[in-house]
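Below is one structure; the comments refer to it alone.
Number of protein chains: 2
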Amino acid sequence: MKEFEGYQYKEKGICAPQGFRANGLNCGLNPVKEKNDLCLLVSDRECDTAAVYTQNKVKGAPILITKKHLFASNGKAQAVIANSKNANTCNHDGEEKAEQMCVLAAKALGIQTEKVLVASTGVIGQVLPIEPIEAAIPELVKGLSYDGNEKAVQAIMTTDTIPKQVAVEFVAEGKTVRIGGMAKGSGMIHPNMATTLNFITTDLAITSDLIQKALQEVVAVTYNCLSIDGDTSTNDMVCVMANGMAENKKITEENQAYQMFKQGLYIVMMNLTRMLAKDGEGATKLLECICSGAPDWNTAITVAKSVIVSPLFKCAMFGEDANWGRILCAVGNAKAEFAIDLVEVKLCSSAGELLVCQDGSGVAFSEEFAQTVLKEDEIQILIDLKQGEAAATAWGCDLTYDYVKINGDYRS
Amino acid sequence: MKEFEGYQYKEKGICAPQGFRANGLNCGLNPVKEKNDLCLLVSDRECDTAAVYTQNKVKGAPILITKKHLFASNGKAQAVIANSKNANTCNHDGEEKAEQMCVLAAKALGIQTEKVLVASTGVIGQVLPIEPIEAAIPELVKGLSYDGNEKAVQAIMTTDTIPKQVAVEFVAEGKTVRIGGMAKGSGMIHPNMATTLNFITTDLAITSDLIQKALQEVVAVTYNCLSIDGDTSTNDMVCVMANGMAENKKITEENQAYQMFKQGLYIVMMNLTRMLAKDGEGATKLLECICSGAPDWNTAITVAKSVIVSPLFKCAMFGEDANWGRILCAVGNAKAEFAIDLVEVKLCSSAGELLVCQDGSGVAFSEEFAQTVLKEDEIQILIDLKQGEAAATAWGCDLTYDYVKINGDYRS
């Protein structure tokens with residue numbers, strides 16, 4: 209993971225900040241008993257909280273209930289309950305069931321219902337049975353622990369092959385503070401939303417308005433620059449909970465400490481984004497497309513995303529084929545205004561850097577060296593438009609047989 | 209093929225209208241000697257001609273030359289030369305080579321260079337060798353015939369598995385006229401352009417301005433409603449050539465005969481579009497998404513296209529899985545304004561019709577019957593928004609292992 213001055217990576221994900229307990233277990237939604245399907249995250253103190261949600265017109269019932277609760281509580285929350293295997297979306301009784309999940313958790317924890325947030329992921333349009341969740345609540349609460357992050361992150365995984373957790377430590381207002389996060393998701397992921405389920409905790413003291421501001425800015429350059437398959441899910445959500453237990457002077461304006469927090473949030477979310485891309489459904493390679501030399505950031509990110517979503521380019525990367533014409537084709541398809549005949553394209557990995565296109569036309573290169581570069585499992589595509597100073601990064605993965613396999617046979 | 213009153217389907221594709229000769233052969237661009245890679249289409253008389261081109265910022269050199277020639281000749285053309293295996297795009301000498309192809313054909317045919325149009329398809333960014341084309345021209349011209357459409361259509365195929373040709377006959381201004389067409393393309397195909405290489409001939413007499421008008425209107429509801437993989441090619445082109453040999457009173461205004469022509473053009477292009485979708489790279493199924501009950505056509509087509517491009521939905525169709533939640537997710541992602549909670553979704557095929565979603569929520573259905581419906585190779589997805597009278601159709605195909613295979617290993 210890339211190092212940033214003033215920040216140290218830590219273990220324990222969402223449980224890295226002080227005062228956050230978590231747990232996860234199998235309640236029976238998933239017939240595979242070894243696979244957790246329900247988790248609970250609880251803070252010792254009430255948290256200033258902010259969230260962003262999917263932009264799909266179809267919104268999962270848990271999204272609607274979480275929004276309602278955060279509105280009612282004026283941005284305060286203390287717990288999150290989440291399940292996998294069933295998205296509780298497009299069901300007649302979806303909101304009722306999502307609310308019930310919060311009621312059950314609130315009662316067991318002795319807190320107000322509107323201080324509980326809820327999230328679900330899984331198949332759309334199947335009625336969520338509440339009984340197994342209800343039956344599991346006592347054990348779920350009993351098992352809460354300050355290092356329960358592993359069990360919790362297992363519970364939100366669906367087609368994920370690895371759990372995704374990050375935590376960083378830094379100093380703000382003279383206090384050591386931490387930000388931790390966990391994320392799930394490897395399919396139905398696309399720019400322009402708050403992608404996948406993402407829970408972020410911190411022991412910093414900061415207002416929910418400032419969390420919201422930082423979150424929206426960081427989402428724009430991290431999760432929203434990620435695409436696995438162009439599909440925006442109905443249940444995507446990122447929430448950030450700050451319990452203030454680091455005892456710093458509460459951040460109420462955009463001062464130096466706010467900047468430190470925002471950068472910490474960026475580090476956590478950028479790393480989770482890379483993990484999501486690398487573990488995209490069926491993926492064998494992380495693709496990182498950096499567009500520089502653009503007249504403005506919007507142009508840069510539009511070009512970078514256009515490349516990262518191209519199925520033909522993604523297949524070529526799976527085949528380790530330096531078919532750069534497909535990159536230029538995708539650049540040309542970007543809905544932005546720029547000159548195409550200045551463009552330079554390089555393919556990079558830990559094995560080296562390969563120039564494939566200059567001034568919009570191909571240059572001779574060694575196919576052997578190209579294969580050496582593309583054999584690696586993290587590939588950077590550097591696109592220099594040569595007409596400005598702005599740059600942006602988009603993340604994605606290759607398109608493989610396994611993506612088709614996983615998604616040709618998902619429900620069963 | 210669907211029947212239309214007043215129109216009969218005919219054999220011979222581009223050679224169905226009077227006075228069009230064609231030929232195709234292998235000149236050596238394709239090392240497989242049995243595979244044609246170069247074709248020529250010639251009209252006995254000069255044609256009123258119109259064309260539409262790719263909207264990709266990267267435009268193949270042949271596109272630039274064809275545009276230039278049609279501009280210089282004021283919409284008159286008499287021949288088309290086209291090759292596969294090499295797109296002649298993103299090369300320093302691309303325009304020079306494309307012009308040379310026209311010069312060579314014009315000389316051999318004894319016509320002006322600007323009356324020759326040119327098209328190329330294949331790998332981007334590899335220099336096009338002109339020598340094999342030059343050497344093949346005498347044989348190509350010598351072999352021109354009034355039923356050379358089969359040889360010609362073979363020459364424009366790339367990853368296509370079947371040739372795509374259609375012709376219809378109808379009466380306009382008291383004369384029997386014909387429209388014929390051929391198309392290629394099964395990858396790098398996406399809405400919002402003139403997709404793939406498409407050549408359409410007619411013996412009708414009509415001005416090039418009116419051809420252009422009809423072409424643009426028909427492209428909007430046929431090729432531009434097609435998506436195989438979301439990638440817009442650099443070399444797409446549709447051209448329509450009218451040689452007037454049916455001897456009808458020349459159509460110079462939007463009268464009844466113009467409407468007959470436009471409808472004929474629609475029948476030819478709609479059928480070619482369906483053929484392109486069904487033969488999409490790796491496809492096992494034609495998917496036809498019909499969105500009705502929309503407030504306006506733009507909303508309808510936006511919804512239909514959003515479904516047809518969704519990789520998750522496309523994989524589910526490959527897996528013959530009635531995972532309608534993915535359809536609703538794609539509907540919700542459509543960039544249009546409408547209420548989601550009225551939506552009804554049905555899956556249809558020759559085996560029957562299955563209701564899966566009503567009022568935006570799932571309904572119980574027989575999985576066994578669903579499998580019977582989805583086993584067929586042409587599937588219709590009927591989406592009724594229940595909030596208006598407008599309807600639109602988009603065409604696509606399933607996403608399969610073979611798509612990945614074909615595109616993971618294309619250049620070699």
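If you're matching them up, the sequences are chains A and B in order. Be aware that the first sequence starts at 209, since it is given in the working numbering, and climbs by one per residue. Be aware that the second sequence starts at 209, since it is given in the working numbering, and climbs by one per residue. Beta carbons: idealized from backbone N, C-alpha and C, even for Gly.
query	result
Contacts around residue 592 of chain B, its chain only, beta-carbon distance under 6 Å, and the 5 residues preceding and following it disregarded	500, 501, 552
Beta bridge counterpart(s) of residue 256 of chain B as assigned by DSSP	B:284, B:450
Collapsed DSSP secondary structure at residue 556 of chain A in the structure displayed	strand
Below-8 Å beta-carbon distance, residue 492 of chain A vs any chain B residue	no
For residue 356 of chain B and residue 332 of chain B, the rounded distance between their alpha carbons	28 Å
Partners in chain A for residue 526 of chain B, counting only beta-carbon separations shorter than 7 Å	612, 616
Under 7 Å by beta carbon: chain A residues contacting residue 532 of chain B	333
Three-way DSSP call (helix, strand, coil) for residue 459 of chain B in this model	strand
Interface residues of chain A facing residue 237 of chain B [CB-CB closer than 8 Å]	By Cβ distance, chain A contributes nothing, its closest Cβ being about 16 Å from residue 237 of chain B, past 8 Å.
Any C-beta of chain B under 8 Å from that of residue 500 of chain A	no
Where the beta strand (DSSP E) containing residue 406 of chain A begins and where it ends	405–410
Rounded separation between residue 291 of chain A and residue 541 of chain A - CA only	39 Å
Spatially closest choice to residue 314 of chain B from B:248, B:370, B:276, by CA coordinates	B:248
Limits of the beta strand (DSSP E) - the one that residue 586 of chain A falls within	586–592
Below-8 Å beta-carbon distance, residue 541 of chain B vs any chain A residue	yes
Buried versus exposed call for residue 240 of chain B [16 or more other C-beta atoms within 10 Å across all chains shown]	exposed
CB contact flag (residue 216 of chain A, residue 376 of chain A, <8 Å)	yes
Enclosing alpha helix (DSSP H) for residue 525 of chain A [first to last residue]	519–526
Inter-residue Cα distance where the pair is residue 602 of chain B and residue 254 of chain A	50 Å
Distance between residue 492 of chain A and residue 516 of chain A (C-alpha atoms, nearest Å)	15 Å
Chain B contacts from the stretch 283–309 of chain A (Cβ-Cβ distance under 9 Å)	295, 297, 298, 299, 300, 302
is_contact[residue 609 of chain A, chain B] using C-beta, thresh 8 Å	yes
Local Cβ density within 10 Å of residue 526 of chain B, reported as buried at 16 or more and exposed below that	buried
Three-pair Cβ contact test at 8 Å for the stretch 450–457 of chain A versus the stretch 504–511 of chain A	no
Beta strand (DSSP E) runs wholly inside the stretch 294–353 of chain B, at least 3 long, in chain order	324–328
DSSP bridge partner residues for residue 500 of chain A (one or two, in chain order)	A:592
Residue 490 of chain B versus residue 609 of chain A: straight-line alpha-carbon distance, rounded	12 Å
Segment contact flag, the stretch 529–541 of chain B with the stretch 550–566 of chain B, C-beta cutoff 8 Å, min 3 pairs	yes
Residue from B:280, B:498, B:428, B:325 whose Cα sits closest to the Cα of residue 588 of chain B	B:498
Residue-level contact to chain A via CB, residue 570 of chain B, 8 Å cutoff	yes
Under 8 Å by beta carbon: chain A residues contacting residue 441 of chain B	537
Residues from the stretch 252–273 of chain B in contact with chain A, defined by Cβ distance under 7 Å	264, 265, 266
Assigned secondary structure, residue 383 of chain B (DSSP; H/G/I helix, E/B strand, else coil)	strand
Beta-bridge partners of residue 600 of chain A, as assigned by DSSP	A:499
Neighbouring residues, chain B, relative to residue 247 of chain A (Cβ below 9 Å)	Simply none; closest approach about 23 Å.
Cut-off 7 Å between Cβ atoms - residues of its own chain near residue 342 of chain A, not counting five sequence neighbours on either side	312
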